[in-house]
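Peer 1: Protein sequences appear in the order of chains F and H. Counting from 1, position 100 in the first sequence corresponds to residue 106 in this note's numbering; the numbering is continuous, with no gaps. Counting from 1, position 122 in the second sequence corresponds to residue 133 in this note's numbering; the numbering is continuous, with no gaps. Ideal Cβ placement from N, Cα and C applies to all residues, glycine included. First the structure, then my questions, so here it is.
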Amino acid sequence: MDVAQFLHEFWIARGAIWDGFQMTVAISALSIFFGTLLGLFVGLALVYAWLPVRFVVRIYVDFIRGTPVFVLVLASFYILSVIGIQLTAFQAGILAITAFCSTHVGEMVRGALAAIPRGQSEAAMAIGLTFRQTFQSVLMPQALRQILPTWVNAATEMVKASTLLSVIGVAELLLATQQVISRNFLSLEFYFLAGFIYFLIDFSIERLGRFVEKKLAYC
Amino acid sequence: MMSEPLLFIENLHKSFGKLEVLKGVDLTMNASDVVSIIGSSGSGKTTMLRCVNLLEEFHEGRILIDGEEIGYTLKNGKRQRLPKAQIARHRALTGMVFQTFNLFPHLTALKNVTLGLIKVRKMKKDEAAEVARHWLSRVGLLDRQDHYPGQLSGGQQQRVAIARAIAMNPKLMLFDEVTSALDPELVNEVLNVIKDLASDGMTMLIVTHEMRFAFDVSTKVIFMNEGRIGEQGPPAELFNNPKSKRLAEFIQNSTF
């Protein structure tokens with residue numbers, strides 16, 4: 007490997023790589039944000055909703071989770087346009103990963119709520135808290151702490167899933183890197199660079215998660 | 012003139028599916044009474060207590076606290092469970108202490124006590140903290156107010172749970188086998204707290220397996236047997252001269 011040549015090419019490609027990096031961060035952040043928000047509702051619906059609603063949400067979760075993210079990405083870009091919903095590649099990609107994220111978060115929330123001993127809500131009700139107050143002050147704070155580690159893991163998965171948007175033409179980090187490589191043929195060096203950047207993003211999320219986990223820890 | 016009984020239970024029935032656990036229980040308690048319920052497992056002691064706190068629905072009978080019927084009402088001649096907000100208010104009339112403590116693990120001892128005061132009694136934070144500190148000091152745990160439940164021993168947790176319940180200023184305290192999950196050496200610290208409250212004149216309904224304690228603290232002891240009240244009376248009478256064979260056996264097999 008010629009270091010001088012790599013640095014030279016990197017200098018030329020720095021703008022493209024930076025743009026790709028920003029795009030990857032944007033896709034991940036938006037999908038994780040909306041996916042988590044939607045996922046909270048999915049989880050609540052799975053535990054508390056009226057039975058028919060729960061049934062519909064259960065089908066949504068099982069269907070989305072049973073489908074490869076890649077297929078979800080292609081479907082939201084190509085199939086939705088057939089039925090008249092025109093989304094840009096960027097929007098379609100966000101939609102697919104958000105849906106994917108929401109089902110995972112939904113299952114986590116459901117599991118965490120189910121894992122809280124019955125005595126917790128009984129104790130809360132015994133002092134006269136309504137269901138809503140019990141949920142806000144007793145159940146949700148415990149559930150959130152419980153899901154944090156798995157949520158961090160899911161968030162890093164969403165960053166990795168964002169690479170799939172390269173296939174529908176979103177110039178995120180992977181596609182940007184491929185475009186750079188097609189110009190300078192330094193495939194080994196630039197794929198390695200891209201991999202390293204993905205690692206940095208995920209590593210940062212993980213550190214942040216650990217930090218929050220420690221802050222919230224109780225003995 | 013007799014004043015209104017503090018707790019009045021009439022013909023209480025409760026089934027789990029086909030299994031009838033309570034087969035018509037009647038009980039009257041006046042203010043400052045301390046009633047202990049003894050009996051073997053499955054006799055319906057805990058279920059009865061949970062009905063008084065409305066943690067269980069019951070199918071027949073009435074429960075009145077200080078003259079007010081709780082949990083159910085008659086509408087057009089039909090018995091109906093009250094709306095949730097009413098149920099929550101009725102639950103706050105009694106303070107319940109559980110076998111498994113059930114403290115909120117994500118809150119400090121102090122916040123375990125202030126939660127209900129702030130949310131249900133609508134106190135200001137400072138006021139609630141003051142009330143909570145008063146009761147934590149009464150159970151001897153003022154110095155542990157900032158500890159989380161996980162940092163406390165079982166006996167300490169149960170004392171916090173008692174403070175949490177009594178700080179709400181309930182008319183009646185319910186204790187559900189509160190020492191059963193404790194190491195033997197921790198039992199007394201909890202029982203002493205309860206005795207202390209009894210001497211304050213707190214009205215208490217206590218399900219227990221601690222016969223010595225029931226003997227010492229109660230104004231009346233109830234022996235539950237197969238979903239009914241088998242026998243009741245002052246502790247000395249009940250323990251020393253059991254009328255039924257069943258109670259005599261039970262007492263003989265219990266440790267004091």
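1. Using a Cβ-Cβ distance under 8 Å, would residue 219 (chain F) count as near chain H?
2. So if I threshold CB-CB distances at 8 Å, which residues from the segment 79-102 of chain H count as touching chain F?
3. Of the choices H:52, H:46 and H:33, whose alpha-carbon is the least far from that of residue 68 (chain H)?
4. Using 8 Å as the Cβ pair cut-off and three pairs as the minimum, do the segment 35-46 of chain F and the segment 187-201 of chain F touch?
5. How many whole angstroms separate the CB atoms of residue 53 (chain F) and residue 120 (chain F), which I take to be in contact at a CB cut-off of 8 Å?
6. For chain H, check one thing: does any of its Cβ atoms lie closer than 8 Å to the Cβ of residue 156 (chain F)?
7. Exposed or buried, which one is residue 256 (chain H) when buried takes at least 16 other CB atoms within 10 Å?
8. Check whether chain H comes within 8 Å of residue 213 (chain F), counting only Cβ atoms and requiring the distance to be less than that.
9. For the segment 174-189 of chain H, enumerate the residues whose C-beta is nearer than 8 Å to any C-beta of chain F, in chain order.
10. Taking only the alpha-carbon atoms, compute the straight-line gap between residue 150 (chain H) and residue 118 (chain F) and give it to the nearest angstrom.
11. Closest by CA to residue 97 (chain H), which one among F:99, F:85, F:135 and F:112?
12. With 16 other CB atoms within 10 Å as the buried threshold, where does residue 110 (chain F) fall?
13. List the endpoints of the continuous beta strand (DSSP E) containing residue 26 (chain H).
14. Which residues does DSSP pair with residue 243 (chain H) in a beta bridge?
15. With DSSP as the reference, label residue 47 (chain H) as helix, strand or coil.
16. Which whole runs of the alpha helix (DSSP H) in the segment 150-238 of chain H are 4 residues long or more, in chain order?
17. Pick helix, strand or coil for residue 96 (chain H), following the three-state DSSP scheme.
18. Are the Cβ atoms of residue 178 (chain F) and residue 33 (chain F) separated by less than 8 Å?
19. Kindly indicate which residue of H:18, H:54, H:114 and H:247 has the alpha-carbon position closest to the one of residue 80 (chain H).
20. Tell me, please, whether the segment 148-167 of chain H touches the segment 165-179 of chain F by the rule of three or more beta-carbon pairs shorter than 8 Å.
21. To the nearest angstrom, how far is it from the Cα of residue 71 (chain F) to the Cα of residue 130 (chain H)?
22. Let me make sure I understand the geometry here. Which of H:238, H:239, H:245 and H:180 has the alpha-carbon closest to that of residue 228 (chain H)?
23. What is the DSSP secondary structure of residue 37 (chain H), counted as helix, strand or coil?
24. In chain order, what residues of the segment 104-119 of chain H put their CB closer than 7 Å to some CB of chain F?
25. Counting C-beta neighbours from all protein chains within 10 Å, is the total for residue 195 (chain F) 16 or more, i.e. buried, or is it exposed?
26. Quick check on residue 208 (chain F): buried or exposed, where buried means 16 or more other Cβ atoms within 10 Å of its Cβ?
27. Label residue 84 (chain F) either buried or exposed according to how many other C-beta atoms from any shown protein chain fall within 10 Å of its C-beta, with 16 as the threshold for buried.
28. Could you work out which residue in H:89, H:74 and H:164 is closest to residue 82 (chain H) when comparing CA atoms only?
29. Which value, in whole angstroms, describes the spacing of the CA atoms of residue 165 (chain H) and residue 147 (chain F)?
30. Name the residue from H:213, H:54, H:21 and H:40 whose alpha carbon lies nearest to the alpha carbon of residue 236 (chain H).
31. Which of the three DSSP states, helix, strand or coil, is assigned to residue 12 (chain H)?
32. When Cβ atoms are compared, which residues of the segment 201-217 of chain H fall closer than 8 Å to chain F?
33. Kindly indicate which residue of F:141, F:66 and F:36 has the alpha-carbon position closest to the one of residue 98 (chain F).
Peer 2: Quick look at the numbers:
1. no
2. 95, 96, 99, 100 and 102
3. H:33
4. no
5. 7 Å
6. no
7. exposed
8. no
9. 175, 176 and 179
10. 33 Å
11. F:135
12. buried
13. 18-27
14. H:233
15. strand
16. 165-177, 195-210 and 222-228
17. helix
18. yes
19. H:18
20. no
21. 39 Å
22. H:245
23. strand
24. 107, 109, 111, 113, 115, 116 and 117
25. buried
26. buried
27. exposed
28. H:74
29. 23 Å
30. H:54
31. Confidence at residue 12 (chain H) is low in this model, with a pLDDT of 47, below 50, so its placement is unreliable and no value can be given for it.
32. none
33. F:36
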